[in-house]
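Residue numbers in the sequence shown follow the UniProt record's numbering, run continuously in steps of one, and reach 318 at the last position.
See below for the structure under consideration.
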Amino acid sequence: MAEEHSRHCGLVLRTVESGAAAVQSPVAASWCRSALRYGLRPDDRPFVERLDESALRAVREAAGGLPDLAQATLDALFASVGRSGACLLLANGDGIVLDMRTTEAERETFAGHGLAPGANWSEMREGTNGIGTSLIEQRAVTILRDEHFACRNTGVSCMASPIFDPDGHVIAALNVSSARADLGDTALLVAALVQDAARAIERDMFCERFGAARIMLAPAERQGGGPALLAVDRDDLVIGATRAARRQLGFEAGTPLPPRPIGDLLGEPQVQGFEDGDRAVLRQALARAGGNVSAAARLLGIGRATFYRRMERVGMGG
1 MAEEHSRHCG
11 LVLRTVESGA
21 AAVQSPVAAS
31 WCRSALRYGL
41 RPDDRPFVER
51 LDESALRAVR
61 EAAGGLPDLA
71 QATLDALFAS
81 VGRSGACLLL
91 ANGDGIVLDM
101 RTTEAERETF
111 AGHGLAPGAN
121 WSEMREGTNG
131 IGTSLIEQRA
141 VTILRDEHFA
151 CRNTGVSCMA
161 SPIFDPDGHV
171 IAALNVSSAR
181 ADLGDTALLV
191 AALVQDAARA
201 IERDMFCERF
211 GAARIMLAPA
221 ERQGGGPALL
231 AVDRDDLVIG
241 ATRAARRQLG
251 FEAGTPLPPR
261 PIGDLLGEPQ
271 VQGFEDGDRA
281 VLRQALARAG
291 GNVSAAARLL
301 GIGRATFYRR
311 MERVGMGG
């Protein structure tokens, strides 16, 4: 084991010293971040940092409803991968493990690898690894055994995917780890299952956030990237969009989403008349005008004073 660790340490350090390696390989780029940005060495500390129970409770509380909302998806995913001797982890946006699924027979084995609730798997602390690297790069990653940065982590392979909140921020990571040396093509299947589960959690979070709205699919310009969902209110204004939908429609992730008429976003703009329902007409005109009342009134062909009177009549205030 010491000889294997020595070889791995030498490979990592030689790769970091090579100026071209980081450009050629995402794993090498992560190794370089680990060494040069975070100041880590592959033969550093012999254990993974882990929070005590009190600190872990505080981290779980700070995660809000995510752990509870994800329970059904975690159970379903573990039912698919658990019999192969895998460990399922849900971590927060800082890489702290919030929840874990494994068999009792495997629990101690994975704990010996630092895979347990409260463990800190941020890239800043552990270098290249499934959870931490997926959070930093904001994409799904597979880190096989000797692709880990730290020598102590080369006993497992990790398939991970980030989880994005309804505003497009990365807030968590889902990870399946295996200690099997013969994982082979199984890693591809597990990685796909992890990504599907992460997208399911994103969908559930979005639907919970916009429970009173109508949920629609955005036009699918390309495959993959998660659920492209829109939340539309009773006046046909889009009030929410998932990260994939924002990307397709040109909205920046993590920024406030200005209400827009659904027809405008779908390429079917319509300026309705008041007979179609005053409230919806007024709100859509305001949305198109960026909140400028005078411009909205001009769109409808009425005066500003008339626009205000109609706002008051439908309870929109002055």
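We put the beta carbon where it would ideally sit given N, CA and C, even for glycine.
Classification of residue i by the beta-carbon crowding that lies within 10 angstroms, buried from 16 upward
i	result
Phe47	exposed
Glu104	exposed
Leu135	buried
Gln71	exposed
Arg247	buried
Ser34	buried
Ser161	buried
Arg309	exposed
Glu275	Because the pLDDT of Glu275 is 44, which lies under 50, any placement of that residue in the model is unreliable, and the number read from its coordinates should be weighed accordingly. The residue is exposed, with fewer than 16 neighbouring Cβ atoms inside 10 Å.
Asp236	buried
Gly273	At Gly273, the pLDDT of 48 sits below 50, so the modelled position is not reliable; the number obtained from the coordinates is stated separately. Looking at its Cβ environment, which holds fewer than 16 other Cβ atoms inside 10 Å, Gly273 is exposed.
Gln223	For Gln223, the predicted model reports a pLDDT of 49, less than 50, meaning its position is unreliable; a value from the coordinates is still stated below. Label assigned to Gln223: exposed.
Thr306	exposed
Residue i and residue j closer than 9 Å at C-beta
i	j	result
Pro259	Ile239	yes
Trp121	Leu89	yes
Phe206	Ala231	yes
Gly114	Arg209	no
Gly130	Ser84	no
Arg279	Val314	yes
Arg145	Ala191	no
Gly254	His169	yes
Val97	Ala119	yes
Arg41	Cys9	yes
Ala296	Gly303	no
Asp94	Pro67	no
Leu193	Val81	yes
Residue i, DSSP secondary structure in three states
i	result
Asn153	helix
Pro67	helix
Arg260	strand
Ile302	coil
Pro162	strand
Leu230	strand
Val176	strand
Thr242	coil
Leu183	coil
Val48	coil
Thr15	helix
Arg139	coil
Met216	strand
Arg101	strand
Ala86	strand
Leu237	strand
Ala76	helix
Val194	helix
Val281	helix
Anticipated Cβ contact below 8 Å, residue i with residue j, distance rounded
i	j	result
Thr128	Ser18	About 16 Å separates the two Cβ atoms, so there is no contact after all.
Asp43	His5	7 Å
Ile201	Thr102	19 Å between Cβ atoms; not a contact.
Between the CA atoms of residue j and residue i - distance to the nearest angstrom
i	j	result
Leu244	Leu229	Reading off the sequence, residue 244 comes out as Ala, not Leu. Straight-line Cα distance between these residues: approximately 8 Å.
Leu286	Arg214	20 Å
Arg37	Arg125	11 Å
Val23	Pro256	34 Å
Leu11	Arg60	37 Å
Ala91	Asn153	17 Å
Val293	Asp167	27 Å
Ser150	Ala179	Note on identity: in this sequence residue 150 is Ala, with Ser being the wrong assignment. Cα-Cα distance, rounded: 16 Å.
Asp233	Gly184	47 Å
Ala197	Val156	21 Å
Leu69	Ala62	14 Å
Gln284	Asp204	28 Å
Thr142	Ile163	15 Å
Glu106	Leu13	32 Å
Ile262	Arg139	29 Å
Gly250	Leu265	10 Å
Glu123	Leu174	15 Å
Ala241	Gly211	13 Å
Met216	Val281	21 Å
Gly226	Gly291	31 Å
Met316	Asp165	30 Å
Glu137	Val16	18 Å
Proximity test, residue i beta-carbon vs the ligand ZN heavy atom, cut-off 8 Å
i	result
Asn120	What this structure holds is no ligand at all, so the ligand ZN is not there to describe.
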